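Report on the following structure.
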Amino acid sequence: MYNTKAYSAASATSPLSSTKIARRDPTEHDVQIEILFCGICHSDLHMVRNEWGGTVYPIVPGHEMVGRITQIGSAVTKYKPGDLAGVGCLVDSDGTCPQCKANLEQFCPNLTLTYNSPDKHLGGVTYGGYSNSIVVDERFVLRVPDNLDLAGVAPLLCAGITTYSPLRHWGITEGKKVGVVGLGGLGHMGVKFARAFGAHVVVFTTSPEKTEDALRLGADEVVVSRNADEMQKHAGSFDFILDTVSAKHDINTYLNLLRVDGNITLVGAPEKPLDVSAFSLIMGRRNLSGSNIGGIAETQEMLDFCGEHNITADVEVIPIQKVNEAYERLLKSDVKYRFCIDMASLKSE
(Lines of atoms letter the chains of each structure in order from A and count residues from 1; the text may use other names and numbers.)
(Lines give C-alpha, C1' and ligand atoms only; values in the text may rest on other atoms or scores of the structure.)
Protein backbone atom coordinates (compact mmCIF):
# COMPACT_ATOMS: atom_id res chain seq x y z
CA MET A 1 0.00 0.00 0.00
CA TYR A 2 1.17 3.54 -0.73
CA ASN A 3 -0.18 7.08 -0.38
CA THR A 4 -0.83 9.53 -3.19
CA LYS A 5 -2.12 13.07 -3.43
CA ALA A 6 -5.79 13.60 -4.32
CA TYR A 7 -8.70 16.01 -4.09
CA SER A 8 -11.69 14.90 -2.03
CA ALA A 9 -14.92 16.21 -0.52
CA ALA A 10 -15.69 15.49 3.13
CA SER A 11 -19.46 16.08 2.86
CA ALA A 12 -22.20 17.10 0.45
CA THR A 13 -21.61 20.76 1.30
CA SER A 14 -17.81 20.69 1.50
CA PRO A 15 -15.58 21.99 -1.29
CA LEU A 16 -13.11 19.61 -2.86
CA SER A 17 -9.70 20.04 -1.23
CA SER A 18 -6.24 18.53 -1.15
CA THR A 19 -5.70 15.29 0.76
CA LYS A 20 -3.77 12.01 0.64
CA ILE A 21 -5.34 8.64 -0.07
CA ALA A 22 -4.16 5.03 0.06
CA ARG A 23 -3.73 2.96 -3.08
CA ARG A 24 -2.97 -0.75 -3.17
CA ASP A 25 0.37 -2.01 -4.38
CA PRO A 26 -0.06 -3.67 -7.78
CA THR A 27 -0.98 -7.35 -7.58
CA GLU A 28 0.09 -9.74 -10.35
CA HIS A 29 -2.75 -8.65 -12.66
CA ASP A 30 -2.64 -4.93 -11.87
CA VAL A 31 -1.39 -1.86 -13.70
CA GLN A 32 -0.23 1.28 -11.89
CA ILE A 33 -0.88 4.50 -13.79
CA GLU A 34 0.39 8.03 -13.27
CA ILE A 35 -2.67 10.14 -14.07
CA LEU A 36 -1.90 12.98 -16.46
CA PHE A 37 -5.40 14.29 -17.20
CA CYS A 38 -8.82 13.66 -15.69
CA GLY A 39 -12.09 14.91 -17.15
CA ILE A 40 -14.89 16.39 -15.06
CA CYS A 41 -18.24 14.68 -15.66
CA HIS A 42 -21.54 16.16 -14.48
CA SER A 43 -22.05 12.91 -12.54
CA ASP A 44 -18.99 13.88 -10.46
CA LEU A 45 -20.92 16.92 -9.28
CA HIS A 46 -24.06 14.87 -8.58
CA MET A 47 -22.07 12.36 -6.55
CA VAL A 48 -20.02 14.90 -4.59
CA ARG A 49 -23.19 16.73 -3.58
CA ASN A 50 -25.09 13.47 -2.91
CA GLU A 51 -27.83 14.45 -5.32
CA TRP A 52 -28.47 10.83 -6.24
CA GLY A 53 -28.09 9.54 -2.67
CA GLY A 54 -25.69 6.89 -1.44
CA THR A 55 -22.48 8.90 -1.56
CA VAL A 56 -19.86 7.73 0.93
CA TYR A 57 -17.47 10.37 2.25
CA PRO A 58 -14.73 11.25 1.81
CA ILE A 59 -15.23 10.98 -1.93
CA VAL A 60 -12.55 11.28 -4.62
CA PRO A 61 -14.38 11.66 -7.94
CA GLY A 62 -13.14 11.22 -11.50
CA HIS A 63 -13.75 8.46 -14.05
CA GLU A 64 -12.21 9.93 -17.20
CA MET A 65 -8.50 9.27 -16.78
CA VAL A 66 -5.58 9.29 -19.16
CA GLY A 67 -2.07 8.59 -17.96
CA ARG A 68 1.16 6.68 -18.33
CA ILE A 69 1.84 3.23 -16.92
CA THR A 70 4.55 3.26 -14.27
CA GLN A 71 4.45 -0.34 -13.00
CA ILE A 72 2.83 -3.65 -13.94
CA GLY A 73 2.15 -6.89 -12.09
CA SER A 74 4.04 -10.08 -12.88
CA ALA A 75 1.15 -11.61 -14.87
CA VAL A 76 0.30 -8.53 -16.95
CA THR A 77 0.74 -9.20 -20.66
CA LYS A 78 -1.13 -6.39 -22.47
CA TYR A 79 0.85 -3.41 -21.19
CA LYS A 80 4.33 -2.29 -20.25
CA PRO A 81 5.73 0.67 -18.29
CA GLY A 82 5.66 3.83 -20.38
CA ASP A 83 2.48 2.94 -22.30
CA LEU A 84 -0.30 5.50 -22.50
CA ALA A 85 -3.44 4.17 -20.84
CA GLY A 86 -6.96 5.18 -19.94
CA VAL A 87 -9.43 4.24 -17.22
CA GLY A 88 -13.14 4.93 -17.46
CA CYS A 89 -16.19 4.39 -15.28
CA LEU A 90 -15.47 0.75 -14.34
CA VAL A 91 -12.56 -0.91 -12.58
CA ASP A 92 -13.94 -4.42 -11.96
CA SER A 93 -16.82 -6.82 -12.60
CA ASP A 94 -17.49 -10.47 -11.77
CA GLY A 95 -16.46 -11.70 -15.23
CA THR A 96 -18.85 -14.66 -15.04
CA CYS A 97 -22.35 -13.27 -15.54
CA PRO A 98 -24.05 -13.31 -18.97
CA GLN A 99 -23.44 -9.59 -19.37
CA CYS A 100 -19.69 -9.90 -18.77
CA LYS A 101 -19.47 -12.87 -21.12
CA ALA A 102 -21.15 -10.71 -23.77
CA ASN A 103 -18.60 -7.88 -23.24
CA LEU A 104 -21.29 -5.77 -21.55
CA GLU A 105 -19.51 -5.26 -18.23
CA GLN A 106 -21.40 -1.99 -17.73
CA PHE A 107 -24.52 -4.07 -16.98
CA CYS A 108 -22.82 -6.55 -14.63
CA PRO A 109 -24.82 -6.87 -11.37
CA ASN A 110 -21.54 -7.00 -9.44
CA LEU A 111 -19.57 -4.25 -11.14
CA THR A 112 -17.16 -1.97 -9.30
CA LEU A 113 -17.34 1.68 -10.25
CA THR A 114 -14.15 3.71 -10.42
CA TYR A 115 -15.18 5.67 -7.35
CA ASN A 116 -17.66 5.30 -4.49
CA SER A 117 -17.98 1.51 -4.91
CA PRO A 118 -16.96 -1.04 -2.29
CA ASP A 119 -13.19 -1.60 -2.53
CA LYS A 120 -12.52 -5.33 -2.20
CA HIS A 121 -8.77 -4.74 -1.89
CA LEU A 122 -8.46 -2.06 0.79
CA GLY A 123 -11.96 -1.89 2.27
CA GLY A 124 -14.00 1.29 2.26
CA VAL A 125 -14.80 2.62 -1.18
CA THR A 126 -12.91 3.10 -4.41
CA TYR A 127 -11.29 6.46 -5.15
CA GLY A 128 -11.33 8.07 -8.56
CA GLY A 129 -9.09 10.05 -10.85
CA TYR A 130 -8.72 13.37 -9.07
CA SER A 131 -5.41 11.98 -7.86
CA ASN A 132 -1.83 11.47 -8.97
CA SER A 133 -1.99 7.73 -9.53
CA ILE A 134 -4.30 4.73 -9.58
CA VAL A 135 -3.95 0.94 -9.61
CA VAL A 136 -6.37 -1.01 -11.82
CA ASP A 137 -6.81 -4.60 -12.99
CA GLU A 138 -5.39 -4.81 -16.52
CA ARG A 139 -8.79 -6.03 -17.84
CA PHE A 140 -10.18 -2.55 -17.22
CA VAL A 141 -7.24 -0.58 -18.59
CA LEU A 142 -7.55 0.87 -22.10
CA ARG A 143 -4.88 1.58 -24.67
CA VAL A 144 -4.78 5.25 -25.73
CA PRO A 145 -3.76 6.23 -29.29
CA ASP A 146 -0.55 8.24 -29.17
CA ASN A 147 -1.54 10.64 -31.95
CA LEU A 148 -4.29 12.39 -29.97
CA ASP A 149 -4.24 15.32 -27.56
CA LEU A 150 -4.38 13.64 -24.15
CA ALA A 151 -6.50 16.32 -22.48
CA GLY A 152 -9.11 15.84 -25.20
CA VAL A 153 -8.94 12.06 -24.86
CA ALA A 154 -9.85 11.97 -21.16
CA PRO A 155 -13.59 12.77 -21.61
CA LEU A 156 -13.85 10.04 -24.25
CA LEU A 157 -13.77 7.55 -21.37
CA CYS A 158 -17.28 8.65 -20.38
CA ALA A 159 -18.82 11.28 -22.67
CA GLY A 160 -17.25 9.59 -25.68
CA ILE A 161 -18.37 6.03 -25.05
CA THR A 162 -21.79 7.17 -23.79
CA THR A 163 -22.54 8.58 -27.23
CA TYR A 164 -20.52 6.16 -29.38
CA SER A 165 -22.19 3.04 -27.95
CA PRO A 166 -25.83 3.76 -28.92
CA LEU A 167 -24.83 5.04 -32.34
CA ARG A 168 -23.02 1.77 -32.98
CA HIS A 169 -25.75 -0.38 -31.40
CA TRP A 170 -28.45 1.10 -33.62
CA GLY A 171 -26.37 0.72 -36.76
CA ILE A 172 -25.60 4.30 -37.72
CA THR A 173 -23.76 4.30 -41.02
CA GLU A 174 -23.42 6.37 -44.16
CA GLY A 175 -26.79 7.50 -45.48
CA LYS A 176 -28.62 7.48 -42.14
CA LYS A 177 -30.29 10.63 -40.82
CA VAL A 178 -29.36 11.29 -37.21
CA GLY A 179 -30.61 13.92 -34.79
CA VAL A 180 -28.73 15.09 -31.71
CA VAL A 181 -30.81 16.81 -29.05
CA GLY A 182 -28.74 19.23 -26.97
CA LEU A 183 -25.24 20.52 -27.64
CA GLY A 184 -23.31 20.06 -24.41
CA GLY A 185 -20.65 17.64 -23.17
CA LEU A 186 -22.49 14.62 -24.55
CA GLY A 187 -24.14 16.25 -27.53
CA HIS A 188 -20.94 17.63 -29.03
CA MET A 189 -19.44 14.13 -29.00
CA GLY A 190 -22.60 12.68 -30.56
CA VAL A 191 -22.26 15.14 -33.43
CA LYS A 192 -18.61 14.23 -34.00
CA PHE A 193 -19.25 10.48 -34.00
CA ALA A 194 -22.40 10.60 -36.15
CA ARG A 195 -20.54 12.70 -38.70
CA ALA A 196 -17.57 10.30 -38.69
CA PHE A 197 -19.97 7.39 -39.28
CA GLY A 198 -21.13 9.16 -42.43
CA ALA A 199 -24.61 10.15 -41.25
CA HIS A 200 -26.52 13.31 -42.11
CA VAL A 201 -26.49 15.09 -38.75
CA VAL A 202 -29.11 17.51 -37.45
CA VAL A 203 -28.62 19.27 -34.12
CA PHE A 204 -31.65 20.35 -32.10
CA THR A 205 -31.05 23.18 -29.67
CA THR A 206 -33.08 25.78 -27.79
CA SER A 207 -30.21 28.26 -28.25
CA PRO A 208 -29.90 29.87 -31.73
CA GLU A 209 -26.46 31.15 -30.76
CA LYS A 210 -25.18 27.56 -30.80
CA THR A 211 -25.80 27.22 -34.55
CA GLU A 212 -22.31 28.24 -35.65
CA ASP A 213 -20.61 25.90 -33.19
CA ALA A 214 -22.86 22.97 -34.13
CA LEU A 215 -21.88 23.40 -37.77
CA ARG A 216 -18.20 23.65 -36.80
CA LEU A 217 -18.47 20.37 -34.91
CA GLY A 218 -19.87 18.59 -37.97
CA ALA A 219 -23.63 19.12 -38.07
CA ASP A 220 -25.22 19.42 -41.50
CA GLU A 221 -28.25 21.30 -40.18
CA VAL A 222 -29.29 23.05 -36.96
CA VAL A 223 -32.90 23.29 -35.84
CA VAL A 224 -34.06 25.63 -33.09
CA SER A 225 -36.45 23.28 -31.31
CA ARG A 226 -38.77 26.07 -30.12
CA ASN A 227 -39.64 26.82 -33.75
CA ALA A 228 -42.62 24.56 -34.55
CA ASP A 229 -42.36 25.16 -38.29
CA GLU A 230 -38.70 24.13 -38.38
CA MET A 231 -39.51 21.00 -36.39
CA GLN A 232 -42.44 20.07 -38.64
CA LYS A 233 -40.21 20.11 -41.71
CA HIS A 234 -38.40 17.05 -40.31
CA ALA A 235 -41.47 15.02 -39.25
CA GLY A 236 -41.17 11.29 -39.84
CA SER A 237 -37.68 11.49 -41.36
CA PHE A 238 -35.08 10.40 -38.79
CA ASP A 239 -33.52 6.96 -38.53
CA PHE A 240 -32.11 7.73 -35.10
CA ILE A 241 -32.14 10.53 -32.53
CA LEU A 242 -29.67 10.79 -29.65
CA ASP A 243 -31.27 12.69 -26.76
CA THR A 244 -28.59 14.12 -24.45
CA VAL A 245 -30.79 16.54 -22.48
CA SER A 246 -30.90 16.12 -18.69
CA ALA A 247 -33.71 18.64 -18.09
CA LYS A 248 -37.42 17.90 -18.44
CA HIS A 249 -38.56 18.28 -22.06
CA ASP A 250 -41.25 17.05 -24.43
CA ILE A 251 -39.98 13.72 -25.72
CA ASN A 252 -43.06 13.27 -27.94
CA THR A 253 -41.92 16.19 -30.11
CA TYR A 254 -38.86 14.16 -31.04
CA LEU A 255 -40.59 10.79 -31.26
CA ASN A 256 -42.80 12.27 -33.98
CA LEU A 257 -39.70 13.12 -36.00
CA LEU A 258 -38.77 9.42 -36.34
CA ARG A 259 -39.54 7.42 -39.45
CA VAL A 260 -41.21 4.00 -39.15
CA ASP A 261 -39.00 1.76 -36.95
CA GLY A 262 -36.85 4.74 -36.01
CA ASN A 263 -35.24 4.94 -32.58
CA ILE A 264 -34.62 7.65 -30.02
CA THR A 265 -32.09 6.81 -27.30
CA LEU A 266 -31.84 8.67 -24.03
CA VAL A 267 -28.36 9.27 -22.64
CA GLY A 268 -29.31 12.33 -20.63
CA ALA A 269 -30.96 11.67 -17.29
CA PRO A 270 -33.79 14.12 -16.47
CA GLU A 271 -34.56 14.29 -12.77
CA LYS A 272 -38.32 13.82 -13.34
CA PRO A 273 -39.99 11.18 -15.55
CA LEU A 274 -40.78 12.13 -19.13
CA ASP A 275 -44.40 11.91 -20.31
CA VAL A 276 -44.59 9.54 -23.28
CA SER A 277 -47.66 9.39 -25.48
CA ALA A 278 -48.46 5.83 -26.52
CA PHE A 279 -49.57 7.11 -29.92
CA SER A 280 -46.16 8.65 -30.55
CA LEU A 281 -44.77 5.12 -30.43
CA ILE A 282 -47.66 3.13 -31.88
CA MET A 283 -48.28 5.15 -35.03
CA GLY A 284 -44.82 4.57 -36.43
CA ARG A 285 -43.68 1.41 -34.61
CA ARG A 286 -41.10 3.70 -33.10
CA ASN A 287 -38.61 2.77 -30.42
CA LEU A 288 -37.65 4.63 -27.24
CA SER A 289 -34.58 3.29 -25.45
CA GLY A 290 -31.73 4.22 -23.13
CA SER A 291 -28.01 3.56 -23.09
CA ASN A 292 -25.28 3.63 -20.47
CA ILE A 293 -21.58 3.84 -21.47
CA GLY A 294 -20.22 0.67 -23.09
CA GLY A 295 -18.24 -2.44 -22.29
CA ILE A 296 -14.46 -2.51 -22.20
CA ALA A 297 -14.07 -3.99 -25.70
CA GLU A 298 -16.41 -1.39 -27.20
CA THR A 299 -14.64 1.40 -25.32
CA GLN A 300 -11.33 0.25 -26.80
CA GLU A 301 -12.97 0.14 -30.22
CA MET A 302 -14.14 3.72 -29.67
CA LEU A 303 -10.66 4.91 -28.71
CA ASP A 304 -9.15 3.21 -31.76
CA PHE A 305 -11.83 4.82 -33.95
CA CYS A 306 -10.97 8.21 -32.46
CA GLY A 307 -7.30 7.61 -33.21
CA GLU A 308 -8.11 6.79 -36.83
CA HIS A 309 -10.44 9.79 -37.29
CA ASN A 310 -8.61 12.29 -35.07
CA ILE A 311 -11.58 12.73 -32.74
CA THR A 312 -11.25 14.20 -29.25
CA ALA A 313 -13.52 16.15 -26.93
CA ASP A 314 -13.45 19.94 -26.95
CA VAL A 315 -12.00 20.75 -23.54
CA GLU A 316 -11.10 23.62 -21.27
CA VAL A 317 -8.02 22.52 -19.34
CA ILE A 318 -7.84 23.71 -15.73
CA PRO A 319 -5.51 23.20 -12.76
CA ILE A 320 -7.04 21.14 -9.98
CA GLN A 321 -7.03 24.20 -7.75
CA LYS A 322 -9.92 25.55 -9.88
CA VAL A 323 -12.09 22.44 -9.60
CA ASN A 324 -14.66 24.00 -7.27
CA GLU A 325 -15.00 26.98 -9.59
CA ALA A 326 -15.44 24.54 -12.48
CA TYR A 327 -18.28 22.81 -10.63
CA GLU A 328 -20.08 26.13 -10.22
CA ARG A 329 -19.59 26.93 -13.90
CA LEU A 330 -20.79 23.44 -14.84
CA LEU A 331 -24.10 24.19 -13.12
CA LYS A 332 -24.49 27.15 -15.48
CA SER A 333 -23.36 25.18 -18.56
CA ASP A 334 -20.47 27.62 -18.79
CA VAL A 335 -17.98 25.37 -20.58
CA LYS A 336 -17.27 24.30 -24.16
CA TYR A 337 -17.66 21.44 -23.83
CA ARG A 338 -15.90 19.57 -21.04
CA PHE A 339 -13.55 20.55 -18.25
CA CYS A 340 -10.35 18.53 -18.02
CA ILE A 341 -7.94 18.71 -15.10
CA ASP A 342 -4.20 18.86 -15.78
CA MET A 343 -3.14 16.57 -12.95
CA ALA A 344 0.42 17.93 -12.97
CA SER A 345 -1.09 20.80 -10.98
CA LEU A 346 -1.74 18.44 -8.07
CA LYS A 347 1.99 17.88 -7.56
CA SER A 348 2.39 21.45 -6.28
CA GLU A 349 -0.07 20.84 -3.41
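In our numbering, the protein residues as written are 239 to 587. A virtual CB, placed ideally from N, CA and C, is assigned to each residue, including glycine. Quantities reported herein were computed from a predicted structural model and do not represent experimental measurements.
Roughly how many angstroms lie between the CA atoms of residue i and residue j, to the nearest whole one?
i, j, result
"lysine 339", "aspartate 357", "23 Å"
"glutamine 344", "glycine 311", "25 Å"
"glycine 456", "valine 329", "33 Å"
"valine 418", "isoleucine 558", "31 Å"
"methionine 303", "alanine 535", "17 Å"
"threonine 242", "aspartate 488", "46 Å"
"threonine 443", "proline 347", "36 Å"
"isoleucine 278", "valine 461", "28 Å"
"proline 299", "valine 363", "11 Å"
"serine 246", "glutamine 309", "25 Å"
"leucine 453", "arginine 433", "11 Å"
"asparagine 341", "glycine 326", "15 Å"
"valine 498", "cysteine 578", "40 Å"
"alanine 244", "glutamate 289", "22 Å"
"threonine 251", "asparagine 385", "40 Å"
"leucine 421", "valine 439", "12 Å"
Could you tell me which residues DSSP pairs with residue i in its beta bridges?
i, result
"glycine 227", "The structure shown does not extend to residue 227, since the chain is modelled only from 239 to 587, so the question has no answer here."
"isoleucine 310", "Val269"
"lysine 258", "Lys243"
"cysteine 279", "DSSP lists no partner for cysteine 279."
"cysteine 578", "Gly277 and Val555"
"aspartate 481", "Val419 and Leu504"
"arginine 381", "Ala323"
"isoleucine 297", "Ala247"
"methionine 303", "Cys276 and Val325"
"leucine 526", "Ile502"
"glutamate 459", "Val440"
Counting only C-beta atoms, is residue i closer than 9 Å to chain D at any point?
i, result
"aspartate 375", "Absent from the structure: chain D. Only one protein chain is present."
Exposed or buried, residue i, counting other C-beta atoms within 10 Å across all chains shown (16 or more means buried)?
i, result
"tryptophan 408", "buried"
"glycine 367", "buried"
"lysine 258", "exposed"
"asparagine 470", "Per the sequence presented here, residue 470 reads as glutamine, with asparagine not at that position. Exposed."
"leucine 405", "buried"
"arginine 576", "buried"
"lysine 316", "exposed"
"asparagine 465", "exposed"
"glycine 425", "buried"
"threonine 550", "buried"
"threonine 503", "buried"
"lysine 448", "buried"
Check: If you pair each beta-carbon of the segment 535-550 with each one of the segment 390-398, do three or more pairs fall below 8 Å?
Finding: yes
Next item on the list: Let me know the alpha helix (DSSP H) ranges lying completely inside the segment 317-375, each 4 residues or longer, listed in chain order.
Entry: You should have 336-339.
Margin query: Under 8 Å: do the segment 506-519 and the segment 349-365 share three or more Cβ pairs, one atom per stretch?
Written below: no
Notebook entry, point to check: Between the segment 398-407 and the segment 282-289, do at least 3 Cβ pairs fall closer than 8 Å?
Noted result: The answer is no - the segment 282-289 does not touch the segment 398-407, with fewer than three Cβ pairs under 8 Å.
Next item on the list: Report yes or no: do three or more beta-carbon pairs, one from the segment 544-564 and one from the segment 521-536, lie closer than 8 Å?
Entry: no
Note to self: For the pair the segment 560-574 and the segment 369-388, tell me if three or more CB-CB distances fall below 8 Å.
What the structure shows: With a cut-off of 8 Å, the segment 369-388 and the segment 560-574 do not count as touching, because too few Cβ pairs lie within range.
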